[in-house]
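>
2 protein chains.
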Amino acid sequence: MRADAKRNYDRIVEVARTVFREQGYDASLDLIAKQAGVGPGTLYRHFPKRDDLIDAVMQSWVDGVNETAEKVLAHQGSPRDLLLAWFEEYVRLISVHKGGPAKITCAMGDDGSPIRTKCEVLRAAGDRVLDRLRAEDAVRDDVTALQVARLVGGVATVADQSELDLAAVRPMLEVVADGLLK
Amino acid sequence: MRADAKRNYDRIVEVARTVFREQGYDASLDLIAKQAGVGPGTLYRHFPKRDDLIDAVMQSWVDGVNETAEKVLAHQGSPRDLLLAWFEEYVRLISVHKGGPAKITCAMGDDGSPIRTKCEVLRAAGDRVLDRLRAEDAVRDDVTALQVARLVGGVATVADQSELDLAAVRPMLEVVADGLLK
DNA sequence: TGCTAAACGGAGACAGTCTCCGTATTGTTC
DNA sequence: GAACAATACGGAGACTGTCTCCGTTTAGCA
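Just so you know, the sequences run in chain order A and B. Quick note, the numbering used here runs 23 ahead of the 1-based positions in the first sequence. Quick note, the numbering used here runs 23 ahead of the 1-based positions in the second sequence.
1. Can a CB atom of chain A be found closer than 8 Å to the CB of Thr-140(B)?
2. Taking one C-beta from the segment 92-110 of chain B and one from the segment 143-156 of chain B each time, how about it: are there three or more such pairs within less than 8 Å?
3. For Gln-46(B), go through chain A and note every residue whose CB falls closer than 7 Å to its CB, in chain order.
4. Could you tell me the boundaries of the alpha helix (DSSP H) in which Arg-146(B) lies?
5. Give the DSSP-derived three-state secondary structure of Leu-187(B) in the structure shown.
6. Contact check, Gly-202(A) vs Val-198(B) under 8 Å by CB: the rounded distance?
7. Would you kindly work out how many angstroms separate the C-alpha atoms of Val-42(A) and Leu-189(A), rounded to a whole number?
8. Apart from the five residues just before and just after Leu-76(B), which ones in its own chain have a Cβ nearer than 6 Å to its Cβ?
9. Near Gln-58(B), what residues of its chain come up, given a Cβ to Cβ distance below 6 Å and the 5 sequence neighbours on each side ignored?
10. Using 8 Å as the limit for Cβ to Cβ distance, is Ser-185(A) near chain B?
11. For Gln-82(A), would you say it is in contact with chain B, using Cβ-to-Cβ distances shorter than 8 Å as the test?
12. Near Ala-79(B), which residues of its chain fall below 6 Å by C-beta distance, leaving aside the five closest residues on each side in sequence?
13. If you measure from the beta carbon of Asp-33(B) to each beta carbon in chain A, is any gap under 8 Å?
14. Note down, in chain order, all residues in the segment 173-184 of chain A with a beta-carbon under 7 Å from any beta-carbon belonging to chain B.
15. Opposite Val-162(A) in the DSSP bridges: which residues?
16. For the alpha helix (DSSP H) that contains His-69(A), what are its first and last residues?
17. If we define contact as Cβ-Cβ less than 8 Å, is Val-114(B) a contact residue for chain A?
18. Would you say Ala-125(A) faces chain B, with C-beta separation under 8 Å as the test?
19. Suppose contacts are defined by Cβ-Cβ distances below 8 Å. Is Asn-89(B) in contact with Val-162(B) by that definition?
20. What are the residues of the segment 192-203 of chain B that lie near chain A, defined by any Cβ-Cβ distance shorter than 8 Å?
21. Near Ala-182(A), what residues of its chain come up, given a Cβ to Cβ distance below 6 Å and the 5 sequence neighbours on each side ignored?
22. Looking at the C-beta of Thr-65(A), does it have a partner C-beta in chain B at a distance below 8 Å?
23. Go ahead and pull the three-state DSSP assignment for Arg-25(B).
24. List the endpoints of the continuous alpha helix (DSSP H) containing Gly-123(A).
25. When you compare the CB of Asp-164(B) with every CB in chain A, is at least one pair closer than 8 Å?
26. Return the CA-CA distance between His-120(B) and Lys-94(A), expressed in angstroms with no decimal places.
27. At the level of alpha carbons, what is the spacing between Ala-50(A) and Arg-44(A)?
28. In the structure shown, what three-state DSSP assignment does Tyr-48(A) receive?
29. Could you tell me if Leu-283(B) is buried or exposed, where buried requires 16 or more neighbouring beta carbons within 10 angstroms of its beta carbon?
30. Pick helix, strand or coil for Ala-97(B), following the three-state DSSP scheme.
31. Under 8 Å Cβ-Cβ, which residues of chain A neighbour Asp-133(B)?
32. Ordered along the chain, which non-local residues of its own chain (more than five positions away) have a Cβ less than 8 Å from that of Thr-215(A)?
33. Under a CB-based cut-off of 8 Å, is Gln-170(B) close to chain A?
34. For Ala-108(B), report the span of its alpha helix (DSSP H) as first-last.
35. With Ser-185(B) and Asp-133(A) assumed to form a contact (beta carbons below 8 Å), what rounded beta-carbon distance in angstroms separates them?
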């Protein structure tokens, strides 16, 4: 990659991160280009689809996912507490940007999505939590990590679109957790 | 309302019903206007916001909701069967149009939404099912009909956006049902 | 039949996506 | 350090969708 190309690439991602945070994932891409001081052509050459840009923005986010999972697993408590703690962190993780829950949950099952790899990390983290619970025989074993991700992702999506706060989300997560535990 | 106005109103709703069914709730409104043989101005005068048009389209749908609820309640079986039957019908009802689950679930908590009244009918139907289960002391009583609607709506939203079929949705509904039952 | 309030409709302003292609920059080769 | 590919740039503009304004038409009443 040529030096100027890399410069622009980085600049666009940095601007996009800010704009997405402020306006959500459906912010105008031309605006991001302008704010980054490049033409729309440049943006679209680097990131042909919106999801490609989102993927680049999420790069740093992935580290946080693993850290969070570790922290949750380190915490001692009942299986129910563990599951709920993970659910809450999961919702928080995918809700950092408006539109995130729907985007991520949707991409999770879509093999062709550019942000698929990021979702994979998220799912793997969820799997670690589930494995721990399965080892304790605390959770029903006919449910996959993908299904759990979709259940919690569904709750997060509704919360995101209806602008609910964590307090309103919590009881719904409890229902899902109780339905999952043996 | 003047005769020609009513004529156009009805024509637009009829066309919108078809177009929404074929293309989902985010179909172009100008296209609907053109197809109905009116100018965009006419469409926007009758339906200032997209949701106003959706609301009109849903008018006939409301009857189906009540019928379905009655049918589910008439069916004999365990509380779990009843709940699952209702969930499946619920998902089916709100998924007739692409984008429907998100739209309806979101509007359900939004006092200012034009389609609020339609959602009210849906929630009331869900409440009838819940009441029946509460009478049998089969379901936890710290959960409201709105929360249940959001849980199932969340599953339906994910299914809609990820284009999952009912077979894939069923196990997730089971988790929600089990979490809800005592 | 004439009048007025109501309704129409389409031109066009505005915003967002995305592409094409002439121009500019990079980095390599001699 | 000059010349030359290869690579990248950027902005004009095509396209699509939303929504409004306002001159024109029509319905319904007196």
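We put the CB at the ideal spot given by N, CA and C, even for glycine.
Let me lay it out:
1. no
2. yes
3. Result: empty, since nearest Cβ-Cβ is about 19 Å, beyond 7 Å.
4. 139-158
5. coil
6. 4 Å
7. 24 Å
8. Ala-39 and Phe-70
9. Val-38
10. yes
11. no
12. Val-36
13. no
14. Arg-173, Leu-174, Gly-176, Gly-177, Val-178, Thr-180, Val-181 and Gln-184
15. Leu-204(A)
16. 63-69
17. no
18. yes
19. no
20. Pro-194, Met-195, Glu-197, Val-198, Val-199, Ala-200, Asp-201, Gly-202 and Leu-203
21. Val-192
22. no
23. coil
24. 123-130
25. no
26. 41 Å
27. 10 Å
28. coil
29. With chain B covering 24 to 205 only, the question about residue 283(B) has no answer from this structure.
30. helix
31. Ser-185
32. Limits of chain A in this structure are 24 at one end and 205 at the other, which puts residue 215(A) out of reach.
33. yes
34. 102-117
35. 7 Å
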